[in-house]
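Protein chains in written order, with UniProt numbering: chain Y, 1 to 520; chain X, 1 to 520.
Structure record follows, encoded as structure tokens.
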């Protein structure tokens, strides 16, 4: 695998997706897609670097090359990709620094404070919420701090089952390093192949196996961050009653409070067996009830994912077979562990699902899902090429509120796009469950209108208003960035905002860290 | 049960413990206890209330009665009880207010800001870390805000399995209210019979069934607090990626950031079956390894508790049978749930424990433990009467550090008390486990010296220094209060302290909330 992320789209260019005839047919017939979308340009011109040479000389390993600046331009949301396709590179950093130690990060921050540089911590560059775009006004330049040189496994404690990593290690490399010792982290979000552990922590990432392994914020037992006012560390024990949990203040801080330089995470033995199977339910309501029963009463699965009728019909759960879906609602359930344990849980779950109306579909769809689980972003690039607008959004709420959240968000998305003469396909699945609630993940596809950025913006605003009105959170695992700030401000309230600003002022008094991101 | 807490000791006077001859013999022979300790005085004189009548008139339901002020004097640590026995009532609040609503608390706080009253939120009054003693200097008076009138079950959501409570509801009443709907909270700390849900949240309490039900900070899914600058709320979903988790900033805030006025907690169906059984291991090291295996690889127990050789020998796990212990180390394991599920887990656990060197002792010791699980504080009063000094302390760390923490804390306690010519009995158990670590809970008994307060202070300081040097946390479930502040400051570091102060300044700019508690 080519590990360098393509700057104009997702991932490794050699793995680019092509659309099948059935998908092309669907785009034309169901969505009215007629003309191709704007292509990815061969190159983008950049403004000259604004950071003076004498300041650059203070930044250690730093690059102002065109290629480096372009590859640190924004994240990977559909709006980010549309801006590239429209030729807009205005947000590119002026330079890219690559520190190789905690002290190196502290030194960089000191220079940034003195010379008024906005600092954007950069891990895998996979943000989908504008988390990598800093305010430029009032700054002498924007410096991306690329953490790829800080990607070591610092230590591993097999007794406590913890491992300490530097923040720049990507998902596959972390798994490779742990596997040498017989362990796994078990954190597999869709961005897994490119995203870093520091990014997982800074954005409260949740992986596809979160039912079994937990969210990333549950996996972090200790952390260290470099801030403009010094070093902050937290986590002397798995849990403590020593005041507020400061780990949980730095997790989700999106580079606005400090740069995470070390993370100690819970690890587990590599499972003997991985078993994924699918079930079908008559409708989303019946499937949701079954899913809730498993989440609340067990047996605890490792993966649990329920597609609504639309997503099941379109077969998006199997990107390689789009358009070949079925009726009802498909539930995917997976178990990992020892052979005995997986067999016992699988059997108990089968009894429970059958009693709640489920029909087994066997392991075929489960294995297909597992094989294609990181492929969807490649498909998006191909759909954008073909003239479709495609984007996702997600939320979470308590079980009793989810039906309302589902209905109103779906309706808001449909209405907002129908109003623009681009009736969409809106698909949804539940992919992260808790005893008290779950997340909803929507995928929206429509024909690109004349101004696809404004088109999506209207739909996203309508959906965000709807989920907030229903009492759900603006994001379950994508974070706030710049895109979610208005709803975030409302969600935490004026006192919550005041608290965040007070913490920010303490750790970053001159406001150089990711300005414009997270803090309303 | 008499639900009014005895002001001079623990709990219901009708349930006072008496010491058996075997305990009295042990005190004399093993510890050199000769003379009885200072008794609980029949009454204590109080300074006149300092709050002027015109200010009192603004406080709604408020009392300055001798009985009310005395019953809100400090918490229930051994030093607190020794101060009472020495006739020291200097920390009594000037008045006790009893608000009955969130708005009522906001109104009280406004009066307190305007008239410079120090405010001590008061739930069950069971703090053992000085969490109920406010700085008096610079204040016109100290006002205890007793939350006993705010003890309602506000709502219950059986679908999401959550319940919303006011903060002043005590453990047994919360369980009674939930049981009417077929649910349980499952939070059973030793203080259960008197402590309140607000107190559990403010101190990050952990119950004896934490292995199965989780710590209280894991049970809270949403909360509301009244602060001098307004209302703050958090928790729209079980989990969210919307910035730092502000719930975790208010949990453990010990009344220094605000007064919790509403808590939404996770609830579970009342278990069909509760099964507790005991096992014996050759030594603490073997028992700890077995305990870790169960904590890391399952099957998940509801209760898991391992006594060291000393605690096993003394039989403190069965307060009614003190002195009748045995050799080796006793492990208690409990399962709650459906009959099938309990049977399955019990059988798997038995296989695992046997393979790791355990010998089964049957359900007798388990049932005895369950019957006496809230009785230890009664025993302490009787021991203090008899002239013994008895107190507990606790910590937590990662599994690989626990042996060092155990050895060095034990040694520090023994050395510090031997140096004072009062060689102690030091007992220890592990009673809260996580995949990555566990807590250690020490019980120390010695003959009272001439100045038992100074005597314990020296032992506690030595133990706290030792556990901090070994890298453990200053408290796993007792909180910071006033007693742990020096070690807490070191644990969170200067930047952590600065963050806490910044949050405090934002929510409580005039510093009226529990001044002197928590914030270093």
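Heads up, the beta-carbon is just placed ideally off N, CA and C, and yes, glycines get one too.
Does the segment 119 to 133 of chain Y touch the segment 474 to 493 of chain Y, meaning 3 or more C-beta pairs lie closer than 8 Å?
Segments in contact, yes.
For the beta strand (DSSP E) holding residue 40 of chain Y, just list the boundary residues, first then last.
Within the first chain, residue 40 of chain Y is the residue found at index 40, counting from 1. Note, residue 40 of chain Y: premise wrong, no beta strand (DSSP E); not H, not E.
Show which residues of chain Y have a CB atom less than 8 Å away from the CB atom of residue 35 of chain X.
The residue you call residue 35 of chain X lines up with position 35 of the second chain. Near residue 35 of chain X there are no residues of chain Y at all, since even the closest Cβ is about 36 Å away, more than 8 Å.
Classify residue 301 of chain X: buried if its beta carbon has 16 or more other beta carbons within 10 angstroms, exposed otherwise.
By one-based count along the second chain, residue 301 of chain X stands at place 301. Per the 10 Å Cβ criterion, buried.
Should residue 420 of chain Y be labelled buried (16 or more other beta-carbon atoms within 10 Å of its own) or exposed?
If you number the first chain from 1, residue 420 of chain Y lands on position 420. Burial call: buried.
Bridge partners of residue 279 of chain X, per DSSP?
Reading the second chain from its first residue, position 279 is the one you call residue 279 of chain X. Bridge partners of residue 279 of chain X: X:331 and X:360.
Short check: CB of residue 467 of chain Y to CB of residue 397 of chain Y, under 9 Å?
To locate residue 467 of chain Y, count along the first chain from 1; it is residue 467. To locate residue 397 of chain Y, count along the first chain from 1; it is residue 397. Taking 9 Å as the Cβ cut-off, residue 467 of chain Y and residue 397 of chain Y qualify as a contacting pair.
Do residue 72 of chain X and residue 111 of chain X have their CB atoms nearer than 9 Å?
On the second chain, position 72 is the one that residue 72 of chain X refers to. On the second chain, position 111 is the one that residue 111 of chain X refers to. Going by C-beta atoms, residue 72 of chain X is not nearer than 9 Å to residue 111 of chain X.
Can you name, in chain order, every residue of its own chain whose Cβ lies under 6 Å from the Cβ of residue 273 of chain X, other than the five neighbours on each side?
Taking the first residue of the second chain as 1, we reach residue 273 of chain X at position 273. Around residue 273 of chain X: 339 and 342.
Applying the 10 Å Cβ sphere with the 16-neighbour rule, what's the burial state of residue 418 of chain X?
The residue you call residue 418 of chain X lines up with position 418 of the second chain. Exposed: under 16 other Cβ atoms inside 10 Å.
What residues from chain X crowd round residue 181 of chain Y, counting only those whose CB sits closer than 9 Å?
Numbered from 1 along the first chain, position 181 holds the residue referred to as residue 181 of chain Y. Those do not exist, as residue 181 of chain Y stays about 14 Å from chain X at its closest Cβ, beyond 9 Å.
When Cβ atoms are compared, which residues of the segment 505 to 517 of chain X fall closer than 9 Å to chain Y?
Result list: 505, 506 and 507.
Less than 9 Å between CB atoms is the rule here; does residue 492 of chain Y satisfy it with respect to chain X?
The residue you call residue 492 of chain Y lines up with position 492 of the first chain. Yes, residue 492 of chain Y lies at the interface with chain X (some Cβ there is under 9 Å from its Cβ).
Residues of chain Y with CB under 8 Å from residue 486 of chain X, in chain order?
The sequence position of residue 486 of chain X within the second chain is 486, counting from 1. Those do not exist, as residue 486 of chain X stays about 12 Å from chain Y at its closest Cβ, beyond 8 Å.
When the Cα atoms are used, what is the spatial distance from residue 194 of chain Y to residue 432 of chain Y?
In the first chain, residue 194 of chain Y corresponds to position 194, counting from 1. In the first chain, residue 432 of chain Y corresponds to position 432, counting from 1. About 21 Å.
Using CA coordinates, which residue listed in X:407, X:36, X:68 and X:43 is at the minimum distance from residue 84 of chain X?
Within the second chain, the letter at position 84 stands for residue 84 of chain X. Closest by alpha carbon: X:43.
Please name the residues in the segment 411 to 445 of chain Y whose beta-carbon is closer than 7 Å to at least one beta-carbon of chain X, in chain order.
So the close ones are 434, 435, 436 and 437.
Is residue 404 of chain Y close to chain X? Criterion is C-beta to C-beta, closer than 9 Å.
Here residue 404 of chain Y refers to the residue found at position 404 of the first chain. With 9 Å as the cut-off, residue 404 of chain Y does not count as an interface residue toward chain X.
May I ask you to list, following chain order, the residues of the segment 230 to 241 of chain X that have a beta carbon less than 8 Å from some beta carbon of chain Y?
So the list reads 230, 231, 232, 233, 234, 236, 237, 238, 239, 240 and 241, given in the order they occur along the chain.
Where does residue 257 of chain X sit, in a helix, a strand or coil, going by DSSP?
As a working mapping, residue 257 of chain X is identified with position 257 in the second chain. Three-state result, residue 257 of chain X: coil.
To the nearest angstrom, report how far apart residue 255 of chain Y and residue 477 of chain Y are at their CA atoms.
To locate residue 255 of chain Y, count along the first chain from 1; it is residue 255. To locate residue 477 of chain Y, count along the first chain from 1; it is residue 477. Taking the straight line from one Cα to the other gives about 16 Å.
Quick check on residue 496 of chain Y: does DSSP put it in helix, strand or coil?
Residue numbering aside, residue 496 of chain Y sits at position 496 when the first chain is read from its first letter. Helix at residue 496 of chain Y.
For residue 78 of chain X, report the span of its alpha helix (DSSP H) as first-last.
Start at 1 with the first residue of the second chain, and residue 78 of chain X comes out as number 78. Note, residue 78 of chain X: alpha helix (DSSP H), 78 to 85.
Give a yes or no on whether 9 Å exceeds the smallest Cβ distance from residue 448 of chain X to chain Y.
Position 448 of the second chain, counting from 1, holds the residue named residue 448 of chain X. No, no contact with chain Y.
Would the beta-carbon of residue 201 of chain Y fall within 9 Å of that of residue 216 of chain Y?
For this step, residue 201 of chain Y is matched to residue 201 along the first chain. For this step, residue 216 of chain Y is matched to residue 216 along the first chain. Contact flag set, yes.
Would you mind stating whether residue 377 of chain Y and residue 190 of chain Y have Cβ atoms separated by less than 9 Å?
For the purposes of this step, residue 377 of chain Y is taken as the residue at position 377 of the first chain. For the purposes of this step, residue 190 of chain Y is taken as the residue at position 190 of the first chain. Yes, the Cβ-Cβ distance between residue 377 of chain Y and residue 190 of chain Y is below 9 Å.
Compare the Cα-Cα distances from residue 358 of chain Y to each of Y:271, Y:223, Y:288 and Y:180 and report the closest residue.
Stepping through the first chain from its first residue, residue 358 of chain Y is reached at position 358. It is Y:288 whose Cα lies nearest to the Cα of residue 358 of chain Y.
When you check each C-beta in the segment 462 to 488 of chain X against every C-beta of chain Y, which residues fall closer than 8 Å?
Listed by position along the chain: 471, 472, 473, 474, 475, 476, 477, 478, 479, 480, 484 and 488.
In angstroms with no decimal places, state the Cα-to-Cα distance between residue 5 of chain Y and residue 170 of chain Y.
Mapped onto the first chain, residue 5 of chain Y falls at position 5. Mapped onto the first chain, residue 170 of chain Y falls at position 170. Their Cα atoms are separated by approximately 12 Å.
Please identify the residue among X:361, X:344, X:82 and X:346 whose C-alpha is closest to the C-alpha of residue 39 of chain X.
Position 39 of the second chain, counted from the first residue, corresponds to residue 39 of chain X. The option with the nearest alpha carbon to residue 39 of chain X is X:82.
If I'm right that residue 224 of chain X touches residue 180 of chain X with Cβ under 8 Å, what's the distance once you round it to whole angstroms?
Residue numbering aside, residue 224 of chain X sits at position 224 when the second chain is read from its first letter. Residue numbering aside, residue 180 of chain X sits at position 180 when the second chain is read from its first letter. Wrong, their Cβ atoms sit about 24 Å apart, outside the cutoff.
In whole angstroms, what separates the C-alpha of residue 516 of chain X from that of residue 135 of chain X?
The residue you call residue 516 of chain X lines up with position 516 of the second chain. The residue you call residue 135 of chain X lines up with position 135 of the second chain. Going by the C-alpha atoms only, they are around 5 Å apart.
What residues from chain Y crowd round residue 495 of chain X, counting only those whose CB sits closer than 8 Å?
As a working mapping, residue 495 of chain X is identified with position 495 in the second chain. The answer, in chain order, is 227, 229, 230, 231, 232, 506 and 507.
If you follow the beta strand (DSSP E) that residue 145 of chain X is part of, which residue opens it and which one closes it?
Residue numbering aside, residue 145 of chain X sits at position 145 when the second chain is read from its first letter. From DSSP, the beta strand (DSSP E) with residue 145 of chain X extends over 141 to 146.
Give the C-beta separation of residue 245 of chain X and residue 248 of chain Y to the nearest angstrom, bearing in mind that I take them to be a contact with Cβ-Cβ under 8 Å.
Working through the second chain from its first residue, we reach residue 245 of chain X at position 245. Working through the first chain from its first residue, we reach residue 248 of chain Y at position 248. The Cβ separation is near 4 Å, so the contact holds.
Is the beta carbon of residue 308 of chain Y sitting closer than 9 Å to the one on residue 406 of chain Y?
As a first step, residue 308 of chain Y is located in the first chain; it is residue number 308 there, counting from the start. As a first step, residue 406 of chain Y is located in the first chain; it is residue number 406 there, counting from the start. Yes; because the gap between Cβ atoms is below 9 Å, this pair is in contact.
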